[in-house]
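Numbering (my numbering), first residue to last: 148 to 945.
Reading through the structure tokens given below for one structure.
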């Protein structure tokens, strides 16, 4: 499912709905009866999020607030929910003639199944005929009594199969599933569908499993019927495959039965014989298509039994586990009660940083959640961030590695994802010494100044057209990084020669921003249900091939003696060539990849947020320009060395990072050993998330925390973002602080100052500053949901 497609379609759909809603409500009269009460629906989604993993429990809870008959809006579907005996009687008996139709799920409409299904047909003549047929021939007492010996035999076979396992663990659900298939088929078809000791009917079993698993997943088309023809999730396509296989199977059974009957070999007719006989009668209302639908309905009984077994097993398991708990252990951290299977995933929503901040107000600044099967601790206050990142840094400095990062063994050589072992310490020292030390960065500032001048020239060349700030910044940052470390450009604004590298980086970062089921359910990782591993492999391989080619070219040039001014890449290759060096070519490629992944989108996003906030508050933009004019003037461009004198500009950047930290939850930590926080137990291997977004908006630390006020970082406020002040840690702190912080800050400050100095900025299409949409979108980096576009007019030199 492509998230961008869904967002676009849902937006269009919601706008259309809003217009329709206003039109209809205007036509309404005050004489109409009111709708039942219910929770207020959200835009687009309605009350879908209220359902949770167990809708029956969620609806019962809501009924305690809104009454035994209430209304909800599930997507675009208006729904009435009844939760009491008296109203159930009203719906199912008193009003049964007006409320006995079916709301048909989209998946049931495959191959016209709903037109002939007794379960889904409306209460018309065909449905009444099928119901009478079922009562008379399928479920009448006489027929069921006559076949009870057959069912007894199937249960005996189940017992014999289990006895034959000789003490081995029995998979209850699989054994029950096979038995139920045979119980149903023996009752109605006088034949077994499954043999315990054979794989002959494995395809049927797999098809039934697949159909039921697919039916258990939510379908967007049921909540937004206008999306059904598009089949965004591919549900209709998969259901079609399953239904066709089952219909073909029943077709074969019917063909075989007709052939046997024609040969006169049927002595004891069963239900299928009776149905086929009725089908052949003159003017019969029954046809072969209906028979197949009835048989498929019989298979649906399996699902009910398996669900019961599943929940009974869960209950037993839960009691067993809780009994094993020792009262001497410290308690686990408080947190919201997890749902079965999903845990607290549904609590995260579209913006996990905001959802977790909201939960922290209920469960405290350090809490525990279960995300799928991953036990997670979330920290949302400066004091507990200090405990995790400093006091306990030696026991909570490992990484919880996302599945996608494990491509091509990347996590084994990445400074970002390695555990704090000898290899990681070596790479960290290498980065401090050769990549991000002050001397190296000072020596390359002229190169970065040139790249920013090219950005200014590119924007000036747009001649008043709206500039896509993030894209322009992204291209510039790629060049700033590449120029700093290996003296070459990655992107040319006027050329498509390096477009593939840029597209690959964009693709990788976009892919990384999407949720991955394998991160919540590691057992699913080998299956790669969403194809994430496959797509990441393509991106990683392209980037590794690119860096390989760069290294080959550099080695060739060095061998020819044409390198006069060695850069960082030269130094790394020289170290790599030393005897017994700990550095190898694979590690160099990983370092280069770390630089671009960690530094490109984060820096571009920070610049975009800063520009958006200044455009939203024009008086602040004017103040920043006045400061630059006063300190530097227009006679020359801003240099990195000037930034220390631009106090308000520095305050703007700090306030931007406070409100919009590029990585709002930092990279996930992992507890290397069981430890204790605030009297609670944090078990070994727990994931630990630090919500720096919530910390930056903590009302106990910051006045007016949701307002953009750069002034708070002036007038003697010495709070800085370099990891010592835990109320402001957008780059982390301690051993795992972002190693590229010195370069990242230099890049964004220089770009921001240059854009303010060189241009007067305004919004396109007559937008007012108050119209600017500052809604955020959560991903690998926190970005603007609506990319910022602005018009740049060359600044007048007064």
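Backbone N, C-alpha and C define an ideal beta-carbon position, used for all residues, glycine too.
Every value quoted in this text rests on a predicted model; they were computed, and no experiment measured them.
- Query: Three-state secondary structure (DSSP) at residue 882?
  - Reply: helix
- Item | residue 897 versus residue 720: straight-line alpha-carbon distance, rounded | 30 Å
- Residue of 337, 336, 312, 302 minimising C-alpha distance to residue 89: As shown, the chain starts at 148 and ends at 945. That puts residue 89 outside it, with no answer to give.
- Helix, strand or coil at residue 184 [DSSP, three-state]: coil
- Message: Let's test the definition: count the other Cβ atoms within 10 Å of the Cβ of residue 881 and tell me whether it reaches 16, buried, or not, exposed.
- Response: buried
- Beta-carbon spacing of residue 850, residue 833 below 9 Å: no
- Query: Looking at C-beta atoms only, is the number of pairs between the segment 554 to 573 and the segment 834 to 853 that lie closer than 8 Å three or more?
  - Reply: no
- Query: Just reading off the alpha helix (DSSP H) that residue 203 is part of, what are its end residues?
  - Reply: 202 to 213
- Just tell me which of 794, 732, 762, 613 has its CA closest to the CA of residue 696. 732
- Proximity of residue 522 and residue 830 at Cβ, strictly below 9 Å: yes
- Proximity below 9 Å, CB of residue 602 to CB of residue 623: yes
- Measure the alpha-carbon distance for residue 189 versus residue 910 and round it to whole angstroms. When rounded, the distance between both Cα atoms is 30 Å.
- Cα-Cα separation, residue 453 to residue 386: Note on residue 453: pLDDT 39, under 50, position unreliable in the model; the coordinate value appears next. Cα to Cα, the separation comes out at about 20 Å.
- Item | Opening and closing residue of the alpha helix (DSSP H) in which residue 500 lies | 499 to 510 is the span of the alpha helix (DSSP H), which, as asked, contains residue 500.
- Task: Can you tell me the Cβ-Cβ gap for residue 839 and residue 857, rounded? I've got them flagged as a contact below 8 Å.
- Result: Not really, about 19 Å apart at Cβ, beyond 8 Å.
- From residue 290 to residue 426, what does the alpha carbon distance come to, in whole angstroms? 19 Å
- Item | Contact the segment 922 to 936 vs the segment 742 to 759: 3+ CB pairs below 8 Å | yes
- Roughly how many angstroms lie between the CA atoms of residue 863 and residue 214, to the nearest whole one? 57 Å
- Message: Going by beta-carbon coordinates alone, are residue 613 and residue 942 separated by less than 9 Å?
- Response: no
- Message: Beta-carbon within less than 6 Å of residue 485's beta-carbon, same chain only, minus the 5 sequence neighbours each way: which residues are those?
- Response: 491, 517
- residue 392: which of 883, 553, 356 sits nearest, CA to CA? 356
- Query: Is the CB-CB distance between residue 875 and residue 885 below 9 Å?
  - Reply: no
- Alpha carbon to alpha carbon, how far is residue 329 from residue 694? Give it in angstroms, no decimals. 59 Å
- Does the segment 218 to 229 touch the segment 181 to 197, meaning 3 or more C-beta pairs lie closer than 8 Å? Yes, the segment 181 to 197 is in contact with the segment 218 to 229.
- Item | Length at least 4, wholly inside the segment 218 to 250: the alpha helix (DSSP H) runs in chain order | 232 to 236
- For residue 730, which residues of its own chain have a beta-carbon under 6 Å away from its beta-carbon, when the five flanking residues on both sides are left out? 722, 723
- Task: Compare the beta carbon distance of residue 206 and residue 231 with 9 Å and say whether it is the shorter of the two.
- Result: no
- Item | Integer-rounded CB distance, given that residue 916 should sit under 8 Å from residue 763 | 5 Å
- What residue from 367, 200, 305, 228 has the CA that sits closest to residue 212's CA? 228
- Message: The alpha helix (DSSP H) that contains residue 774, what's its start and end?
- Response: 765 to 778
- Query: Taking the alpha carbon of residue 333 as the point to measure from, which residue in 310, 314, 294, 799 has its own alpha carbon closest?
  - Reply: Considering only 310, 314, 294, 799, the residue with the shortest C-alpha distance to residue 333 is 294.
- Query: Quick one: what does DSSP say residue 627 is sitting in, helix, strand or coil?
  - Reply: helix
- Straight-line CA distance for residue 940 to residue 689? 39 Å
- Message: My output table needs one value for residue 806: the three-state DSSP class, helix, strand or coil.
- Response: Look at residue 806 here: in three-state DSSP terms it is helix.
- Task: Could you tell me if the beta carbon of residue 279 falls within a distance shorter than 8 Å of some heavy atom in the ligand ATP?
- Result: Within the structure as shown, the ligand ATP is missing, as the structure has no ligands at all.
- Message: Taking the straight line between their C-alpha atoms, what separation do you get for residue 737 and residue 253?
- Response: 47 Å
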